[in-house]
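S.K.:
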Amino acid sequence: MPLWKKLWLLFAVIWLVVSALNAGTILAFSEQQEKAFRPIVIGLGVPALAYLLAWLWDRRRRRGGGEGDDQLL
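For the sequence shown, the numbering used here assigns the number 3 to the initial residue and increments by one for each residue that follows.
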């Protein structure tokens, strides 16, 4: 498994746990439970968007094929 996928998986798990705790707190203690919808949507959307961007970046980087593609500068 490539490094970017491992890092994305770590990020996604942490992000989902924090979002779930946020939504759970809103559902448990708030009288306006519809406010929990936003953290749930953001909790699912941000990791998906991050994966898409990382996948596109990796695909673009691999497609280049020239010398020195792995260098930062």
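Virtual Cβ for every residue (Gly too), placed ideally from N, Cα, C.
Quick one, which of ARG65, TRP6 and PRO49 has its alpha-carbon nearest VAL19's?
M.R.: PRO49
S.K.: Could you give the first and the last residue of the continuous alpha helix (DSSP H) run that contains LYS8?
M.R.: 5-31
S.K.: What first and last residue would you give for the alpha helix (DSSP H) that runs through ALA50?
M.R.: 39-66
S.K.: Here's the rule I'm using: 16 or more other beta-carbon atoms within 10 Å means buried, otherwise exposed. How should GLY66 be labelled?
M.R.: It is exposed - the Cβ of GLY66 has fewer than 16 other Cβ atoms within 10 Å.
S.K.: Excluding sequence positions up to five away, which residues of its chain have a Cβ less than 8 Å from the Cβ of ILE44?
M.R.: Counting only Cβ-Cβ distances below 8 Å, and skipping sequence neighbours, we find SER21.
S.K.: Hey, how far is the Cα of ASN24 from the Cα of PHE39?
M.R.: 10 Å
S.K.: Just confirm the distance between the C-beta atoms of ASP60 and TRP10, as a whole number of angstroms; I'd bet it's less than 8 Å.
M.R.: That pair is no contact at about 10 Å.
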